[in-house]
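See structure below.
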Amino acid sequence: MPSLRLLHRLPLRHTVSRSSALPGQRPSSQHFRMASGLARKYEINADMGEGFGRWKMGPDEELMPYIDAANIACGYHAGDPSIMLKTVRLCKKHGVKAGAHPGLQDMFGFGRRKIEIDPKDMYAMVLYQVGALKAILNSEGVELSHIKPHGELFFYMQRDETIMRAVLEACATFGDNIPVYASQNATQEAMCKDLGIPFQGEVYVDIDYSPEGKLIPVAQSKVATPELCYERALSASLKDEGKDNSGGIFSFGFEGKPFSICVHSDHPTVLQNVTGVRKAVDEANRQRFPNVSK
Numbered sequence: 001m002p003s004l005r006l007l008h009r010l011p012l013r014h015t016v017s018r019s020s021a022l023p024g025q026r027p028s029s030q031h032f033r034m035a036s037g038l039a040r041k042y043e044i045n046a047d048m049g050e051g052f053g054r055w056k057m058g059p060d061e062e063l064m065p066y067i068d069a070a071n072i073a074c075g076y077h078a079g080d081p082s083i084m085l086k087t088v089r090l091c092k093k094h095g096v097k098a099g100a101h102p103g104l105q106d107m108f109g110f111g112r113r114k115i116e117i118d119p120k121d122m123y124a125m126v127l128y129q130v131g132a133l134k135a136i137l138n139s140e141g142v143e144l145s146h147i148k149p150h151g152e153l154f155f156y157m158q159r160d161e162t163i164m165r166a167v168l169e170a171c172a173t174f175g176d177n178i179p180v181y182a183s184q185n186a187t188q189e190a191m192c193k194d195l196g197i198p199f200q201g202e203v204y205v206d207i208d209y210s211p212e213g214k215l216i217p218v219a220q221s222k223v224a225t226p227e228l229c230y231e232r233a234l235s236a237s238l239k240d241e242g243k244d245n246s247g248g249i250f251s252f253g254f255e256g257k258p259f260s261i262c263v264h265s266d267h268p269t270v271l272q273n274v275t276g277v278r279k280a281v282d283e284a285n286r287q288r289f290p291n292v293s294k
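According to UniProt numbering, the residues represented by the sequence shown are 1 to 294, in order.
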């Protein structure tokens, strides 16, 4: 694991050659497309900008060189205008895709508590959050690459199809080339197709899955070690398999399609976790997508 002091001295990513990147970090932006659209090979995404004022949640500066896509908090569950701008500039510096991470209006509960919301209000809330980030992205000349609902908003969508449609209809207003990230879900994938939105499947390696192959919330999951994160990422990429919390094996159902792997930036071992996941992703990409350079 590189020292945090070394990570702070990284030069701008677009001026760094492949050989000058620190061990475990991803290649420079000359090998990576910083734009919207579906992933062309396995990638890593992480939640970023999850602070408020002087309070900071994750080690964004140290984590950014290891990931491919950032999900930027938009002010409801975390984030404020200054943090959003700083995070966009970090993405720009490191050649990382900048996506929106809208959540429920629950900063005290970090957007992980159940709140009942009318679908019309949910539609407006997603427009508001993503629109705010889009304005900041425009000011920096950076594209909105994707949208990924945060925390309880994600689970709310899985429980209630009217909420799912409200969120996806709001996402659709930002363009038909902006993917919405989510775990494999036939209902959501079909609804995205109906609305003309790209659906980007993803896998989580630092929280658990149920025997039915569904995500288990962070608070109910066991702590994942960096070694386990590496093993889960490699198994998902090369075998299309995951292991549930009872030890059973299930298929993700990607059938060879590239997907995104999420790491949680608020986990205490995130820097160790992402190093292992980066290693697994790079190994899998060399085997599965050897001719895809970005």
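Where a beta carbon is used, it is the ideal one built from N, C-alpha and C, also for glycine. Keep in mind the model is a prediction, meaning the values are calculated, not measured.
Original post:
Is the segment 176 to 189 close to the segment 147 to 163, with three or more CB pairs under 8 Å?
Top reply: yes
Subject >> Integer Cβ distance of C91 from V130, believed to fall under 8 Å >> reply: Not a contact, Cβ separation roughly 15 Å.
**OP:** Evaluate V263 with the Cβ neighbour count: other Cβ atoms within 10 Å of its Cβ, from every protein chain shown; 16 or more gives buried, anything less gives exposed.
**Re:** buried
Subject >> Cβ-based neighbour list, D208, same chain, cut-off 7 Å, excluding 5 preceding and 5 following >> reply: Only I216, S221, K222, N245 meet the Cβ criterion.
Original post:
Per DSSP, what kind of secondary structure is L144 in: helix, strand or coil?
Top reply: strand
**OP:** Let me know the secondary structure DSSP gives Q105 once reduced to three states.
**Re:** coil
Original post:
What residue does the alpha helix (DSSP H) around A219 start on, and which one ends it?
Top reply: Neither: A219 is in no alpha helix (DSSP H) and is coded neither H nor E.
Original post:
Which residue comes first and which comes last in the beta strand (DSSP E) that contains Y204?
Top reply: 199 to 204
Subject >> N- and C-terminal bounds of the alpha helix (DSSP H) containing Y181 >> reply: Y181 -> not in any alpha helix (DSSP H); beta strand (DSSP E) instead, spanning 180 to 183.
**OP:** Run the CB neighbour count on D68, radius 10 Å, all protein chains shown included, and call it buried at 16 or more, exposed below.
**Re:** With 16 or more Cβ atoms within 10 Å of its Cβ, D68 is classed as buried.
Original post:
Quick one: what's V263 bridged to in DSSP?
Top reply: A46
**OP:** Note down the Cα distance separating N71 from H77, rounded to an integer number of angstroms.
**Re:** The alpha-carbon of N71 is positioned some 13 Å away from that of H77.
**OP:** Pull up the CB-CB distance for G196 and D176, whole angstroms please, since I reckon it's below 8 Å.
**Re:** 5 Å
**OP:** State yes or no: is the C-beta of Y230 within less than 9 Å of the C-beta of G276?
**Re:** yes
Original post:
Tell me, which residues are paired with I249 by DSSP?
Top reply: Paired residues: K243.
Original post:
When the Cα atoms are used, what is the spatial distance from M107 to M48?
Top reply: Spanning the alpha carbons of M107 and M48 requires a straight line of approximately 15 Å.
Original post:
Helix or strand or just coil, what does DSSP make of A186?
Top reply: helix
**OP:** Find out if the Cβ-Cβ distance for the pair L153, G99 is shorter than 9 Å.
**Re:** no
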